[in-house]
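Using the working numbering, you'd call the opening residue of the sequence shown number 42 and step up by one each time.
From the three backbone atoms N, C-alpha and C, an ideal C-beta is built for every residue, glycine too.
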Amino acid sequence: EVIYGEARVPDNKHVEVEGEKLNYDKLIIATGARPYTPPIKGSENAINYQDILKLEEVPESLIIIGSGMIAAEIANIFSILGSKVHIICRREFLADIDWEIRDYITRILLKDVEIHTNTSIKSIKRGAVKTDKERIEGIPFLATGMTPNSEIIDIVKKGERGNIIVNDRMQTTYNNIYAAGDVIGGIGTTPVARMEGTIAGLNAAGIEKRIDYSCIPHAISLGYDVSYIEMKGAKGEKSVEGKMPGAAGPGSFWKVLDDNTGLGKVQVDLETGTIEKVYSIGPSSRNVVAYLSLLLKLGAKTYDFERFIETHPSSDVIYKLLRFFAKY
Numbered sequence: 042e043v044i045y046g047e048a049r050v051p052d053n054k055h056v057e058v059e060g061e062k063l064n065y066d067k068l069i070i071a072t073g074a075r076p077y078t079p080p081i082k083g084s085e086n087a088i089n090y091q092d093i094l095k096l097e098e099v100p101e102s103l104i105i106i107g108s109g110m111i112a113a114e115i116a117n118i119f120s121i122l123g124s125k126v127h128i129i130c131r132r133e134f135l136a137d138i139d140w141e142i143r144d145y146i147t148r149i150l151l152k153d154v155e156i157h158t159n160t161s162i163k164s165i166k167r168g169a170v171k172t173d174k175e176r177i178e179g180i181p182f183l184a185t186g187m188t189p190n191s192e193i194i195d196i197v198k199k200g201e202r203g204n205i206i207v208n209d210r211m212q213t214t215y216n217n218i219y220a221a222g223d224v225i226g227g228i229g230t231t232p233v234a235r236m237e238g239t240i241a242g243l244n245a246a247g248i249e250k251r252i253d254y255s256c257i258p259h260a261i262s263l264g265y266d267v268s269y270i271e272m273k274g275a276k277g278e279k280s281v282e283g284k285m286p287g288a289a290g291p292g293s294f295w296k297v298l299d300d301n302t303g304l305g306k307v308q309v310d311l312e313t314g315t316i317e318k319v320y321s322i323g324p325s326s327r328n329v330v331a332y333l334s335l336l337l338k339l340g341a342k343t344y345d346f347e348r349f350i351e352t353h354p355s356s357d358v359i360y361k362l363l364r365f366f367a368k369y
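What follows is the structure, encoded as structure tokens:
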């Protein structure tokens, strides 16, 4: 049965929908999130990712407020369309990304985008943004994250931004109430939300499963895919890094003349063969790291790649790096 309406969860036994009280044994909350509006003077004058889809024409100038993946992807799209794009970051741009990968992004993939780091915004108007350094004209766009839609329930523990806190079974403060997806914060991608929902559903059905966030593949769409896997806290005593330019192949051959060959970088432990970090900038590299994430979950080591045979032609260089380290 599908019921449409606004819901409230007053306790761990009932849901109220449009004045009707429904009983439940198990409850899964998957109410998603909405764009976060920062406490900046005039922030109501900015547009968000929902509004930008309704623009009737390409803006002459776009001012992106934010420093993460959404900021980067929107900047790339509108720069290609012909807008003069500014990104304003309170601190660093893409601070969680490896510095060499970030350098490639800013120097080559977003070379026509003006990035303002360590910059505070004083006020936002409909056609301009005033920072602590200058006044920039253009349409302001907020890429400042998401606010979980968690107001429907107050009886569970929440984080600073209202995200519902769960354990590795996706259980909240109450064992019979589960939550998954953007409403719990975290990584915030559809595949991860789907995985969380599956874990919540299985546990609610009495099948015990625990969430595993290791080896999660990530990707940013910037013409090339900027894809990566990072094993958090993984750094062995004999960890080393290796990198090399991307290979000229399908999707990248004609970009070599623009010095846009892509880039591959890995971090491995030479003693154990553990693959700790993988970064790949290139055509469709998101597919490479997706399958690689499964191999890492299954325990693949550098020496396993000594037997790897690539498809010809290929613009991927990750296999070359891992096969190189397989000899050590």
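My output table needs one value for residue i: the three-state DSSP class, helix, strand or coil.
| i | result |
| --- | --- |
| Ile24 | Nothing about residue 24 can be read from this structure; the chain reaches only from 42 to 369. |
| Met285 | strand |
| Met211 | coil |
| Asp310 | strand |
| Phe349 | coil |
| Gly305 | strand |
| Val43 | coil |
| Lys171 | strand |
| Arg176 | strand |
| Arg71 | Reading off the sequence shown, one finds Ala at residue 71, where the question assumed Arg. DSSP places Ala71 in coil when its eight states are reduced to three. |
| Leu103 | strand |
Taking 6 Å as the limit between beta carbons, can you name the residues of its chain near residue i, skipping five residues before and five after?
| i | result |
| --- | --- |
| Asp357 | Val329 |
| Gly290 | Pro354, Ser355, Ser356 |
Less than 8 Å between the CB atoms is what I'm expecting for residue i and residue j, so what's the real figure, rounded?
| i | j | result |
| --- | --- | --- |
| Ile44 | Ile218 | That belief does not hold up - the Cβ atoms of Ile44 and Ile218 are roughly 18 Å apart, past 8 Å. |
| Leu68 | Val50 | 7 Å |
| Lys263 | Phe182 | Note that residue 263 is Leu in the sequence shown here, rather than Lys. Contact doesn't hold; Cβ gap of about 17 Å is too wide. |
If we ignore side chains and look at the alpha-carbon of each, how far apart do residue i and residue j end up?
| i | j | result |
| --- | --- | --- |
| Ile98 | Ser355 | Reading the sequence as shown, one finds Glu at residue 98 and not Ile. Straight-line Cα distance between these residues: approximately 38 Å. |
| Ala245 | Asp253 | 17 Å |
| Val233 | Lys338 | 15 Å |
| Glu15 | Tyr65 | A query on residue 15 cannot be resolved here, the shown segment of the chain reaching from 42 to 369 and no further. |
| Glu85 | Gly107 | 15 Å |
| Tyr360 | Asp173 | 46 Å |
| Phe349 | Leu298 | 30 Å |
| Ile165 | His157 | 16 Å |
| Phe134 | Leu150 | 14 Å |
| Lys171 | Ile162 | 6 Å |
| Ser268 | Pro324 | 10 Å |
| Ala220 | Trp295 | 47 Å |
| Gly226 | Met187 | 8 Å |
| Lys318 | Lys54 | 44 Å |
| Met285 | Ile146 | 15 Å |
| Tyr344 | Lys306 | 17 Å |
Beta-carbon within less than 8 Å of residue i's beta-carbon, same chain only, minus the 5 sequence neighbours each way: which residues are those?
| i | result |
| --- | --- |
| Ser334 | Cys256, Ile257, Pro258, Ile270 |
| Arg132 | Ser108, Thr158, Asn159 |
| Ser293 | Tyr265, Gly287, Asn301, Thr302, Gly303, Gly323, Pro324, Ser356 |
Here's a check: name, in chain order, each residue in its chain whose Cβ is nearer than 7 Å to the Cβ of residue i, leaving out the five neighbours to either side.
| i | result |
| --- | --- |
| Gly83 | Ser164, Ile165, Lys166 |
Legend entry - Residue ranges of each beta strand (DSSP E) within the segment 238-266, 3 or longer: 259-263
Legend entry - Complete alpha helix (DSSP H) runs within the segment 123-162 (minimum length 4 residues, chain order): 140-145
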